Every structure is written in structure tokens, then in C-alpha cells.
Amino acid sequence: MASTKNVELNKSQNAELELPCIKCSGKTTHKVLVSVDIRGEETDGDWSLQWCDDYQIVECGGCKTKSFRNVSSNSEDYYRISDTEYEYDELELLYPSRIEGRKTLENEEHYLPVKVRGIYKETLGALNNNSPILAGIGLRALIETICKEKNAEGGNLYAKIGDLVVKQILTPAGSSILHKIRTLGNDAAHEVKPHSEKQLGLAMEVVEHVLNDIYIIPTKVDTEFGS
Ligand SMILES: [Zn+2]
21 MASTKNVELN
31 KSQNAELELP
41 CIKCSGKTTH
51 KVLVSVDIRG
61 EETDGDWSLQ
71 WCDDYQIVEC
81 GGCKTKSFRN
91 VSSNSEDYYR
101 ISDTEYEYDE
111 LELLYPSRIE
121 GRKTLENEEH
131 YLPVKVRGIY
141 KETLGALNNN
151 SPILAGIGLR
161 ALIETICKEK
171 NAEGGNLYAK
181 IGDLVVKQIL
191 TPAGSSILHK
201 IRTLGNDAAH
211 EVKPHSEKQL
221 GLAMEVVEHV
231 LNDIYIIPTK
241 VDTEFGS
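Numbering (my numbering), first residue to last: 21 to 247.
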């Protein structure tokens, strides 16, 4: 058995790729700034395997945010696209990982109370890293922390969400949505049942709206107009 490996610097430099951006919504054109491209081959008698492993620092053409991409493939992993054609199955990893089309609270996270911000960031990480059980538990923990931070009273989370409405921190419409997310976290914690990426993405969007309404906008208004 013999193996060869060839490391080339900047082979894919300036290449343009359509990738989901961390900040922009949807896919944008990213340019490869720097790359390390590795090509290898393993042979043993008649048998051979070729593989590629590319490491790239990429930049979004819109917001100029830099991130990291690794794409790998090998001659054994391919799928058929027609009777005579095959395509190699490429594994693409992006860091920080991202869900296409999801915008976050971005640069406004600093308006959140420290505890809320910590759980928000971890939940976002779980969501972006394809960890649906942890994301579900994180969403519930976020609601629990908001309730605690706003001194919501009640023997359980159900009652506490209700108290946020009484305290006029939350609208009745907002509370009914939080109840849905509360049960979503319940399922994740007690039955270890993951929810779909779509459900969790939507739930996160709702929680982000609540965070915006009760922390971010009031703080910005206070700063601008005085409390
Ligand atoms: Zn961008």
C-alpha cells in the first residue's frame, strides 16, 4: 500500500462560491481569500483511492464577513446523476456554522441582560450546529430566564408566562406563542424528542421578537429619549 499527498497553497484563491452568510440573509457570493488545498492518493495493487481536502478562508461579497470553509471528497463517495454520469459527494463544513436565511439579533445582543444573553448565544449555537434537542431545551431555558429576570410570579412556567401578561411585559398573543415554545422545551427535555429545524428556527424567531420588544427596543428608546 502506497500513499501520496500534495499540499498546495492558494490553489483556489479568488474562486467565487455561493454560500449562506452568517450575517446576510440567504446565500451570497463568497470569495476565497486564502486556501490550503490537499490532494492525495492511496494505492494497493489494482485498487486506488483519490481524495481532496480544501481549507479556505472565505469572505462574503456583501457584508465582508470572513469565515472558514472545509470541503472534502473522495473517489469512493459519488452518486449517479444520469445513466452515464456520476457526481462526487462533497462534504462541506462552514465555521461558524449557519442556517441559510436566518438572521440573528446580530450586533444588538449587548442590550440583553448578561444571563439572557449567555443562554441566547448557546441556544443559537445549538440551533446552528444541528443540535435540535439542545436547541429545544435552550429555548425553554431562555423563557425561564426571561421570567426570572422580570420577576414573574407563579408556581410553574405556565403561571409565570401568564404573570408577564399581567405585568404588561408581554402581550396575550406573545404569551400564547411562548406557551407553544414552553411545551416544545418540555418534549425535548423529558422525552428527548428533537424538533425539526424549521420548528426550532421559527420558535427562535419568536423568542428574538420577544427579546427585541422587552429588552432591546426599550433600552434604545431610553438611550435616545431619556427614561
Ligand atoms: Zn454577508
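Using N, Cα and C, we set each Cβ at its ideal position, and we do this for glycine too. Note that this is a predicted model, so its numbers are computed, not measured.
Residue(s) in a DSSP beta bridge with residue i
i: H50; result: L37, C80
i: K252; result: In the structure as shown, the chain begins at 21 and stops at 247. Residue 252 is therefore absent and cannot be evaluated.
i: I58; result: V27, D73
Own chain, CB closer than 8 Å to residue i, minus 5 neighbours either side, in chain order
i: G93; result: The sequence as given places Ser at residue 93; Gly does not occur at that position. Excluding residues within five positions, the ones whose Cβ falls inside 8 Å are W71, C72, Y108, D109, E110, L111.
i: P133; result: E169, Y235
i: Q33; result: V52, L53, V54, S55
With 16 other Cβ atoms within 10 Å as the buried cut-off, status of residue i
i: M224; result: buried
i: V186; result: exposed
i: V52; result: buried
i: L127; result: The amino acid at residue 127 is misidentified as Leu; the sequence shows Asn. Classification for N127: exposed.
i: Y140; result: buried
i: S195; result: buried
First and last residue of the uninterrupted alpha helix (DSSP H) at residue i
i: Y131; result: It is not in any alpha helix (DSSP H) - Y131 carries neither H nor E in the DSSP assignment.
i: E169; result: 152-169
i: Y99; result: Per DSSP, Y99 belongs to no alpha helix (DSSP H); it is in the beta strand (DSSP E), 98-100.
i: T191; result: Counting along the chain, T191 falls outside any alpha helix (DSSP H), and DSSP gives it neither H nor E.
i: T243; result: 237-245
Beta strand (DSSP E) segment containing residue i, residue limits
i: T24; result: 22-29
i: L111; result: 111-115
i: E107; result: 106-108
i: K86; result: 86-94
Residues near residue i in its chain [Cβ-Cβ closer than 6 Å; skip 5 each side]
i: R89; result: Q76, V78, L114
Contact shell at 6 Å, judged by CB to any heavy atom of ligand 1, ordered along the chain
C41, K43, C44, T48, C80, G82, C83, T85
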